[in-house]
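Participant: If you scroll down you'll find the structure; I have some questions about it.
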Amino acid sequence: MLHSLSISNYALIDSLELDWEQGLTTLTGETGSGKSILLGALSLVLGKRADTSVLRDPGKKCIIEASFKIGHLPLQSLFEENDWDWEDISQLRREILPSGKSRAFINDTPAPIQQIQQLSVHLIDIHSQHQSLDLFSKDYQRQVLDVFAGNLPTLTAYQAEYRKFKALQKELEEKRLQRQEKIQEEDYKSFLLKELEEADLDQADPSAWEEEYELLSSQERISEILSGLQQLLQHEGSGVLDQMAQYKGALHSLTSLGKRFEELAQRFESSYIELDDLAVEAENQLNQLEGDPGRQQWLSERLQLLLDLQRKHLVDDVAALVEKRDALATELYDTAHLDQRIEALEGLIEEAKTRLENLATQLTEQRQAVVPQLKQKLSEDLSLLGMPSAQFKVEFHASDDFLAGGKEEIEWLFSANVGGDFGSLKKVASGGELSRIMLVVKALLAEHQQLPTLIFDEIDTGVSGEIADQMGRIMKTMSRFMQIIVITHLPQVAAKGQQHLKVYKRESGGETFTGVEVLGREERLQELASMISGKDRSETALRHAEELLTTQDSVDR
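In my numbering, each residue's number is its place in the sequence shown (first place is 1) plus 1.
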């Protein structure tokens, strides 16, 4: 419930603080006194758009703060989801700065306007005579019928199943689209995979192959060089080894002349041995040379294949080609897996349809069972409000598809006159009739579910006498279940409030201010008398006002 409201620097309000009570609160005041300003401030703190035109003093910021008792409301999960601090008495604050910027807070934590709006729908419902458009909505009409039928468990089960069903349908649609795209790519990807698999990449060793290919390609040059080396070293008579052999004895004869000649002879001998080994190795390598045109051709083709594949797939080495091959294999496997998932989803959807069909049938039966009582209840309550011939029909339009609330659309048809044609509320109900219908609907809902604080803004416009009294009684009854705030011009309604607030306008220092005062019994008596007969407050009006208050006192006791 609305616990308190603080307003500063807003329109004609300089500074205002109000404490609100449970039950029925009535707001009265002369036309133009500022009742709409009070509602405007409340709407602002609940997330309505604003600009600097609301600032009384354009050089100062406007601050509006409302506190709500929410300990009894099932809102803790909403607070947890949005990381708001939970308080049994929680505060919403809105600030409009001279720059035009706006700030909002939930329990002193900055919050975007969207979050304020998300929370406010659970706190207050402001209803005026021009805001009965919900009644035109078939979905709203269905919701009222569901509340009256008390089928929340069935509806909750259906909607949970419906959400799963829609999620399965969405996934199936996505998988089928993916499958269609993959089918178009599959042939080409299969070709690419086959090409990479046939390349036997796991056995490929391009570095070794290149070395072998270079060796085979250089056979003639190698033979020429090794033969030349062999001739240089071993040619009979003129080869290096033969010539060195001629000097071996002479050089050895010098060893007796000193150690330095001995070392020189040893070095010469070592060089001779090394060159002799070199000649033998050159001969061996020459003898091992074997041309293999077939192997050379194979290596050339394999190396060219790898190079072509690397260019084709825009990679630099065989390792990257292996990654490409494995990725293609995975994608093609995923395609097969996709087919399995599509088949599984189709089965799950059929199972969900069966469950939904059963729940939808239960909902239809539960709704149809209470239609006679609902029509009677609405007609009886409207009869008390000066609509004795009001009648309703509730039509069920079956749907081939599952809808969010069942497998049918529900529409209320209305006739205000005996023998009159039934039509949709939008077409046949007047503004005054819609206001009264909405009032009895809200009263019906209040008996069956927990509603937020409900504010009626002059919903009683255009009625008087007994009808006004009955409207007041309905709102009084509703206030047993919830907090009701009603802005009214009717004394019959105003007298029924446990709390009575008067909105007034005053002038001071050449400026106009709007204020609100809480009325005591004597002040209420004077206000009601003024509402009955005007500012003069005749004796008859005072007696009538006294009767209204006395009657209400006895009811409250």
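Here a beta-carbon is modelled for each residue, glycine too, at the ideal position from N, C-alpha and C.
Report yes if the CB atom of residue 266 is closer than 8 Å to the CB atom of residue 255, and no otherwise.
Facilitator: yes
Participant: Looking at the strands, I want to know which residues DSSP matches up with residue 25.
Facilitator: 485
Participant: Just verifying my parser: in three-state terms, what is the DSSP assignment at residue 319?
Facilitator: DSSP places residue 319 in helix when its eight states are reduced to three.
Participant: Quickly, what does DSSP pair residue 14 with across the bridge? List them, please.
Facilitator: Answer is 11.
Participant: Which residue's Cα is closest to the Cα of residue 39: 61, 8, 52?
Facilitator: For residue 39, the nearest C-alpha among the options comes from 8.
Participant: Give the DSSP-derived three-state secondary structure of residue 98 in the structure shown.
Facilitator: When secondary structure is reduced to three states using DSSP, residue 98 falls in the coil class, being assigned neither helix nor strand.
Participant: Using only the alpha-carbon positions, how far apart do residue 555 and residue 497 sit?
Facilitator: 11 Å
Participant: Taking the alpha-carbon positions, what's the residue 569 to residue 253 distance?
Facilitator: Outside the modelled stretch of the chain, which goes from 2 to 558, sits residue 569, for which no answer is possible.
Participant: Please classify residue 87 as buried or exposed, where buried requires at least 16 other C-beta atoms within 10 Å of its C-beta.
Facilitator: exposed
Participant: Taking all protein chains shown into account, do 16 or more other C-beta atoms lie within 10 angstroms of the C-beta of residue 48, making it buried, or fewer, making it exposed?
Facilitator: buried
Participant: Relative to the C-alpha of residue 249, which residue among 271, 350, 259, 258 is closest?
Facilitator: Sorting 271, 350, 259, 258 by C-alpha distance to the C-alpha of residue 249 places 271 at the top.
Participant: If you count every other CB in all the chains shown that lies within 10 Å of the CB of residue 192, and 16 or more means buried, which is it?
Facilitator: exposed
Participant: With DSSP as the reference, label residue 20 as helix, strand or coil.
Facilitator: Here residue 20 sits in strand by DSSP.
Participant: Out of curiosity, what's the CA-to-CA distance linking residue 468 and residue 491?
Facilitator: 11 Å
Participant: Under 8 Å, do residue 443 and residue 455 count as touching if we go by C-beta distance?
Facilitator: In this structure, the beta-carbon distance from residue 443 to residue 455 falls below 8 Å.
Participant: Locate the alpha helix (DSSP H) running through residue 122, then write down its first and last residues.
Facilitator: Residue 122 -> no alpha helix (DSSP H), and no H or E assigned at all.
Participant: In whole angstroms, give me the CA-to-CA distance for residue 107 and residue 181.
Facilitator: 49 Å
Participant: List, from N- to C-terminal side, the beta strand (DSSP E) runs of 3 residues or more that fit wholly inside the segment 412-474.
Facilitator: 454-458
Participant: Residue 381 to residue 149, Cα distance in whole Å?
Facilitator: 15 Å
Participant: So within the segment 243-298, which uninterrupted alpha helix (DSSP H) runs reach at least 4 residues, ignoring any that extend past its ends?
Facilitator: 260-289
Participant: Quick test of your reading: residue 400 and residue 391, contact by CB under 8 Å. State the CB separation rounded to the nearest angstrom.
Facilitator: Rounded, the Cβ-Cβ distance is 29 Å, inconsistent with contact.
Participant: Report all residues from its chain with a CB closer than 8 Å to the CB of residue 118; omit the five preceding and five following residues, and keep chain order.
Facilitator: 47, 48
Participant: Taking the beta strand (DSSP E) that residue 88 falls in, what are its first and last residues?
Facilitator: First-last for residue 88: undefined, no H or E at that position.
Participant: Is the beta carbon of residue 439 closer than 8 Å to that of residue 128?
Facilitator: yes
Participant: Determine the closest residue to residue 189 out of 58, 170, 329, with distance taken between C-alpha atoms.
Facilitator: Per the Cα distances, 329.
Participant: Pick helix, strand or coil for residue 405, following the three-state DSSP scheme.
Facilitator: coil
Participant: Quick one: what's got a C-beta closer than 6 Å to residue 67's C-beta in the same chain, skipping five residues either side?
Facilitator: 6, 46, 93
Participant: If you follow the beta strand (DSSP E) that residue 503 is in, where does it begin and where does it stop?
Facilitator: Per DSSP, the unbroken beta strand (DSSP E) holding residue 503 starts and ends at 500-509.
Participant: DSSP beta-bridge partners for residue 607?
Facilitator: There is simply no residue 607 to check, as the chain begins at 2 and stops at 558 in what is shown.
Participant: Is it the case that the segment 200-210 contacts the segment 311-330, given that we only count it when at least three CB pairs across the two stretches are under 8 Å?
Facilitator: yes
Participant: At the level of alpha carbons, what is the spacing between residue 274 and residue 315?
Facilitator: 55 Å
Participant: Identify every residue that forms a DSSP beta bridge with residue 490.
Facilitator: Note: residue 490 sits in no beta bridge, so no partner.
Participant: Specify, as a first and last residue, the run of the alpha helix (DSSP H) that residue 229 falls within.
Facilitator: 220-235
Participant: If you follow the alpha helix (DSSP H) that residue 139 is in, where does it begin and where does it stop?
Facilitator: 139-150
Participant: By the 10 Å Cβ neighbour count, where 16 or more other Cβ atoms means buried, how is residue 418 classified, buried or exposed?
Facilitator: Answer is exposed; the Cβ neighbour count stays below 16.
Participant: Throw me the rounded Cβ distance for the residue 27 and residue 495 pair, which I believe falls under 8 Å.
Facilitator: So it is a contact: roughly 5 Å between Cβ atoms.
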